[in-house]
Amino acid sequence: MGALLIAGMAAWTGVTQTSFFGELVKGGGPAKCSGTLAPGTYSGVVVQSGNTCTINSSDVITGNVSVNSNATLNDQGSSIGGNLAAGSNSNLFVSPSGGYASTNASIDGNLTTSGASVVSVNQATIGGNVTVQGTITSTSITNNTIINNLTVSGDTGTTTVTNNTVGHNATCSNNTAFVGSGNAAGGQDTCN
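Numbering of the sequence shown is given in the numbering used here, commencing with residue -8 and proceeding in unit increments.
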């Protein structure tokens, strides 16, 4: 009965069973997300222009997450195995999950934005580099652990970079309204 139920759910939702424990993995490339992504494991996620997507601690993305121009991603404690990239005029919010036992978001690869409208990354662990360039309205990079480099440059809105631990260099330059303090970098630090 259980196997029949899982097979029926897989056929109905377009996902396939791939693990011993019945974990469902989205097949056929990255999932196109609009609204709240259903709990599960995905090979990748794309938020298309004009859409808003919420991913949370019940979502495991083994590959990359792409936020197209004019799209919004709310990441509330998910696990991303690849890179997170956000395009022009996009909105990117990365924060811990809510509740009693909150989970911080983790990104194994790089986090990159270029010309986004809003970028807010709070209490996340990023295994690669964080590069935020040319944000229009506001940037907030606070209380994160960044294994490699942090670069925040050319932002025209309010820019706050505080209390981050950076494994290598922390570079902040050419930002219009900049506040930086409490950052600790293993290399050069121009963000305080």
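Every residue, glycine too, gets a C-beta built ideally from N, C-alpha and C. On a predicted model such as this, the values are computed, not experimentally measured, just so you know.
Its Cα nearest to that of residue 48, the residue 89 stands out among 73, 25, 89.
Per the coordinates, the alpha-carbon of residue 101 lies some 15 angstroms from the alpha-carbon of residue 66. Less than 7 angstroms divides the Cβ of residue 56 from the Cβ of residue 75.
Membership of residue 148 in any beta strand (DSSP E) is not indicated, and neither H nor E is assigned to it by DSSP.
Contact between residue 154 and residue 141 does not hold, since the beta-carbon distance rounds to 12 angstroms and is not under 8 angstroms.
For residue 127, the secondary structure class from DSSP, reduced to helix, strand or coil, is coil.
Around the C-beta of residue 167, fewer than 16 other C-beta atoms lie within 10 Å, and the residue is accordingly described as exposed. Closest in alpha carbon position to residue 146, among 183, 125, 28, 83, is 125.
C-alpha of residue 176 to C-alpha of residue 70: approximately 24 angstroms in a straight line. For residue 171, the enclosing beta strand (DSSP E) covers residues 168 to 172. The residues 104, 110, 130, 143, in chain order, have a CB closer than 6 angstroms to that of residue 123 in the same chain once the five nearest residues on each side in sequence are set aside. Here residue 171 is buried. Its C-beta has 16 or more other C-beta atoms within 10 Å. With fewer than 16 neighbouring CB atoms inside 10 Å of its own CB, residue 178 falls in the exposed class.
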